[in-house]
Amino acid sequence: MIKGKFIDNLPKVYGIYTGGFLVFIIIMAIAEQAGMSAKMIGIFFVAFTVLIYALIGWLSRTLQTDAYYVAGRQVPTVFNGMATAADWMSGASFVAMAGGIYFKGYGYMALLVGWTGGYVLVASLLAPYLRKFGCYTVPDFIGTRYGGNLARFSAVIVLTVASFTYVTAQINATGTIASVALDIPFNIAVYVGLLSILMCSMLGGMRAVTWTQVAQYIVLIIAYLLPVFWISNNIGAGFFPHFMLADEVARIAELEGQFGFVKNSAADLATVPKGLAGITKPHSSVNATPWAFISLAVCMMAGTASLPHVMMRYFTTPSVRTARRSVGWSLFFIFLLYSSAPMLATLSKISLMDPTLATGIIGKSVADVQALDWYQNWNQANLMFVSDFNGNGTLELNEFFMKGSAVVLATPEIAGLPYVISGLVAAGGMAAAMSTADGLVLAISNALSHDVYYKIINPKAETAKRLIVARVLLVLIGFAGATIAALEIQGILGSVIWAFDFAMSGLFFPLVLGVWWKRANAPGAVAGMLLGLISGTAYLIWVRNGGSGFLGITQLTFGIVGASVSLVSMIVVSLITAAPDAATQKMVDDVRIPSGKTILGKQH
Amino acid sequence: MSKQEQHWEKTRNLLFITLAIWFVFSIGIFLFGAEMQESSIKPFGYPLTYWFTCQGSLAIFVILIFWFAGRQEKIDDEFGFTEREGEQ
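For the protein sequence lines, the chains are A and B, in the order given. All letters in the first sequence, in the order written, are residues 0 to 603 by numbering that gives the first Met the number 0. All letters in the second sequence, in the order written, are residues 0 to 87 by numbering that gives the first Met the number 0.
Okay, structure coming up:
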């Protein structure tokens, strides 16, 4: 059926895979009709998809450095776009984003703008030039462009801080989903999640991660879009929700006016389980100041352009031209999910709020709502809660509470979709969290094995030994991440946003100026990276410990402080020290044109 | 000016145009979020600011990157700096 090279057959291979997955969904739907339990459906969905990823990981095993570090630089444009989209869209994007929009409205949507706008910076400022450089990792670029082990090592530090903050959140998310779907305790589920992640990356490095990420993208996008379209049609909101929900958005605003946002007393709120929230903000009106919105968006954009696990995906394309186009495809595939998240939030809210719909619960009697099947399920899972605060027997808007992740996880069931869809959503969430965790763990272990071990500690190491070190580090970092994830220090989304701020503080200007400012030199870059990271971190600690902050910069936007310090110190230190030598200037000139040899050789 | 300097000047100008468009739709319009929300322009019936945050800005970024890539390829072709097939 499939002849010739794997790369030439990609559309066919993934076409068959997608068809097979759709058939699997249909079989599960039939099994549900035949009486298979909801729990078994969940187990089948998660176990089946994870086994497929593991199989792809095993088939992609390799013993060559360029396959292990950059997938042999032969990933075609569109497929690299899909892999980047999966790499990028984390468990938080999948599970928490619609919930964030549902509860916080406009102020939260700065993340949508930031997480997409950042790709314009990636495409225009960085990706094509770093591809021309021919590096294996982001610190590889910093170390070669600026020269010296100190610059290389500083980049490794920033990379590790940012990516590690991010990866614990992702392993946490795989654990949460695995524990719900497979019905096992969280602290065991975290290690089940970790095991699945390592199976995808350990044997084949970047090559294995690339081909599993494409497979994971297909699962996660089907799992996200199918319920959105289905619910929209089910409640008669329109067959193409993205262009047809204006009436629903207006209706929500009308209902908000009718019900009003009643503030609950502290004593009443104390009875609500931790982590659940009520609807307290308008759905579609502007509820944040321009600065609050813009500062958050700016941090996410600069962070996007500095996160190494995203940047390294563009090292895998065959050429500079394809790297550039691939950024466009990445954003297109991300756009498919991000533009659906507000629609899901709208559909979820109108389903619950509108008394004229069969699914509406606001305005119904509290006893009736408490008797609903789905309410009991999700209440037991600690994701939903109602309480008759004013004792009038009717459920008011301020008496209904939900966890953010329930918007994605519970809406299919609320809207009356069969359970097979909930199983599909669990598989999608797992795919989203795993694909991001894989990219991050690989980014950290590649930086440590290539930049610290091979380039600094033991430059004479043989290929076989380098790849063993890379794999041992991969496992160690995975375990460290899982151990910290099991402690549950910060919620999923909080630590994701911090990762962007850390990356922006330390890496944004050293990367950008490395291409766009020839005069930038090693002492400047080291000062930029270290002072940026230190000042950003110091500001975060200060604000976390009750500091008042300044200029309205919060713990979510501390990257603005870090990046400003980084820019100023990098320029000042570069200018008071000697200009880079002629060879370095020539290197920058070569990076700026697509043709000719890469700066670093094919194998290095 | 050498061929390479001319190429870089054109590349830099394209960057400025790209970043200017990016600035307008990621930062500029959100300075006037409250005012735009009241506007009578309603794409697909959605309030204007809400639409930009849900779809508008996002879609513009996608189109902008492809447009940028096309223009940059033209500049590279013009100066003969396009990679040849199989060149690493």
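Even glycine gets a Cβ: it sits at the ideal position worked out from N, Cα and C.
Contact list for residue i against chain B, beta-carbon separation under 7 Å
{"i": "Leu-111 (chain A)", "result": "Thr-52, Leu-57"}
{"i": "Ile-592 (chain A)", "result": "Gln-3, His-6, Phe-80"}
{"i": "Gly-327 (chain A)", "result": "Val-61, Ile-64, Phe-65, Ala-68"}
Exposure label - residue i; buried when at least 16 CB within 10 Å
{"i": "Glu-8 (chain B)", "result": "exposed"}
{"i": "Gly-551 (chain A)", "result": "exposed"}
{"i": "Phe-5 (chain A)", "result": "exposed"}
{"i": "Leu-21 (chain A)", "result": "exposed"}
{"i": "Gln-87 (chain B)", "result": "Confidence at Gln-87 (chain B) is low in this model, with a pLDDT of 44, below 50, so its placement is unreliable and no value can be given for it."}
{"i": "Ile-496 (chain A)", "result": "buried"}
{"i": "Gly-34 (chain A)", "result": "exposed"}
{"i": "Ile-74 (chain B)", "result": "buried"}
{"i": "Gln-54 (chain B)", "result": "buried"}
{"i": "Gln-71 (chain B)", "result": "buried"}
{"i": "Lys-131 (chain A)", "result": "buried"}
{"i": "Leu-396 (chain A)", "result": "buried"}
{"i": "Tyr-473 (chain A)", "result": "Correcting the residue identity first, residue 473 (chain A) is Leu in this sequence and not Tyr. Looking at its Cβ environment, which holds 16 or more other Cβ atoms inside 10 Å, Leu-473 (chain A) is buried."}
{"i": "Glu-4 (chain B)", "result": "exposed"}
{"i": "Met-0 (chain B)", "result": "exposed"}
{"i": "Met-39 (chain A)", "result": "exposed"}
{"i": "Arg-543 (chain A)", "result": "exposed"}
{"i": "Ile-220 (chain A)", "result": "buried"}
{"i": "Gly-527 (chain A)", "result": "buried"}
{"i": "Asp-367 (chain A)", "result": "exposed"}
Check whether residue i and residue j have beta carbons under 8 Å apart
{"i": "Ser-283 (chain A)", "j": "Thr-556 (chain A)", "result": "no"}
{"i": "Met-299 (chain A)", "j": "Phe-499 (chain A)", "result": "yes"}
{"i": "Tyr-145 (chain A)", "j": "Gly-513 (chain A)", "result": "yes"}
{"i": "Ser-200 (chain A)", "j": "Asp-450 (chain A)", "result": "no"}
{"i": "Met-569 (chain A)", "j": "Pro-509 (chain A)", "result": "yes"}
{"i": "Ile-361 (chain A)", "j": "Leu-394 (chain A)", "result": "yes"}
{"i": "Gly-71 (chain A)", "j": "Arg-206 (chain A)", "result": "yes"}
{"i": "Gly-505 (chain A)", "j": "Gly-561 (chain A)", "result": "yes"}
{"i": "Phe-292 (chain A)", "j": "Ala-109 (chain A)", "result": "yes"}
{"i": "Leu-330 (chain A)", "j": "Tyr-118 (chain A)", "result": "yes"}
{"i": "Phe-163 (chain A)", "j": "Ile-443 (chain A)", "result": "yes"}
{"i": "Ala-460 (chain A)", "j": "Tyr-453 (chain A)", "result": "yes"}
{"i": "Phe-67 (chain B)", "j": "Thr-17 (chain B)", "result": "yes"}
{"i": "Phe-334 (chain A)", "j": "Ala-58 (chain B)", "result": "yes"}
{"i": "Met-433 (chain A)", "j": "Tyr-52 (chain A)", "result": "yes"}
{"i": "Ala-154 (chain A)", "j": "Val-137 (chain A)", "result": "yes"}
{"i": "Leu-423 (chain A)", "j": "Leu-225 (chain A)", "result": "yes"}
{"i": "Val-191 (chain A)", "j": "Leu-532 (chain A)", "result": "no"}
{"i": "Ala-276 (chain A)", "j": "Met-96 (chain A)", "result": "no"}
{"i": "Val-267 (chain A)", "j": "Phe-399 (chain A)", "result": "Looking at the sequence itself, residue 267 (chain A) is Asp, so the reference to Val does not match. Not in contact: Asp-267 (chain A) and Phe-399 (chain A) (Cβ atoms no closer than 8 Å)."}
Contact list for residue i against chain A, beta-carbon separation under 7 Å
{"i": "Leu-14 (chain B)", "result": "Ser-123"}
Chain A contact residues for residue i, given Cβ-Cβ distances below 8 Å
{"i": "Ile-26 (chain B)", "result": "Ile-293, Ala-296, Val-297"}
{"i": "Leu-63 (chain B)", "result": "Val-119"}
{"i": "Leu-30 (chain B)", "result": "Pro-289, Ile-293"}
{"i": "Glu-77 (chain B)", "result": "Chain A residues near Glu-77 (chain B): none, gap ~12 Å exceeds 8 Å."}
CB-CB length for residue i against residue j, believed under 8 Å
{"i": "Ala-344 (chain A)", "j": "Asn-233 (chain A)", "result": "Actually they do not touch by this definition, with Cβ atoms about 16 Å apart."}
{"i": "Ser-89 (chain A)", "j": "Thr-435 (chain A)", "result": "4 Å"}
{"i": "Gly-403 (chain A)", "j": "Phe-93 (chain A)", "result": "Actually they are not in contact, since the Cβ atoms of Gly-403 (chain A) and Phe-93 (chain A) sit about 12 Å apart, beyond 8 Å."}
{"i": "Thr-316 (chain A)", "j": "Thr-64 (chain A)", "result": "The Cβ separation is near 18 Å, so there is no contact."}
{"i": "Ile-170 (chain A)", "j": "Gly-545 (chain A)", "result": "So it is not a contact: roughly 30 Å between Cβ atoms."}
{"i": "Ala-485 (chain A)", "j": "Ala-161 (chain A)", "result": "The Cβ separation is near 21 Å, so there is no contact."}
{"i": "Ala-180 (chain A)", "j": "Gly-274 (chain A)", "result": "The pair is not a contact, with the Cβ atoms about 19 Å apart (cut-off 8 Å)."}
{"i": "Gly-327 (chain A)", "j": "Ala-122 (chain A)", "result": "7 Å"}
{"i": "Ala-304 (chain A)", "j": "Leu-124 (chain A)", "result": "7 Å"}
{"i": "Lys-280 (chain A)", "j": "Lys-103 (chain A)", "result": "6 Å"}
{"i": "Ser-339 (chain A)", "j": "Val-227 (chain A)", "result": "5 Å"}
Chain A contact residues for residue i, given Cβ-Cβ distances below 9 Å
{"i": "Leu-18 (chain B)", "result": "Val-119, Leu-120, Ser-123, Leu-124"}
Contact list for residue i against chain B, beta-carbon separation under 9 Å
{"i": "Pro-341 (chain A)", "result": "Tyr-49, Thr-52, Cys-53, Gln-54"}
{"i": "His-241 (chain A)", "result": "Phe-43, Cys-53, Gln-54"}
{"i": "Arg-323 (chain A)", "result": "Ile-64, Phe-67, Ala-68, Gln-71, Glu-72"}
{"i": "Phe-331 (chain A)", "result": "Val-61, Ile-64, Phe-65"}
Under 8 Å by beta carbon: chain B residues contacting residue i
{"i": "Ala-245 (chain A)", "result": "Lys-41, Phe-43, Gly-44, Tyr-45"}
{"i": "Tyr-337 (chain A)", "result": "Leu-57"}
{"i": "Gly-116 (chain A)", "result": "Trp-21, Phe-24, Ser-25, Ser-56, Phe-60"}
What are the start and end residues of each continuous beta strand (DSSP E) run of 3 or more residues lying completely inside the stretch 44 to 88 of chain A, in chain order? none
Quick check for students: name the residue ranges of the beta strand (DSSP E) that lie wholly in the stretch 530 to 593 of chain A, counting only runs of 3 or more. none
What are the start and end residues of each continuous alpha helix (DSSP H) run of 4 or more residues lying completely inside the stretch 43 to 67 of chain B, in chain order? 47 to 50
Alpha helix (DSSP H) segments (min. 4 residues) lying fully within the stretch 403 to 476 of chain A: 405 to 413, 418 to 445
Uninterrupted alpha helix (DSSP H) stretches inside the stretch 302 to 326 of chain A (no shorter than 4 residues): 307 to 310
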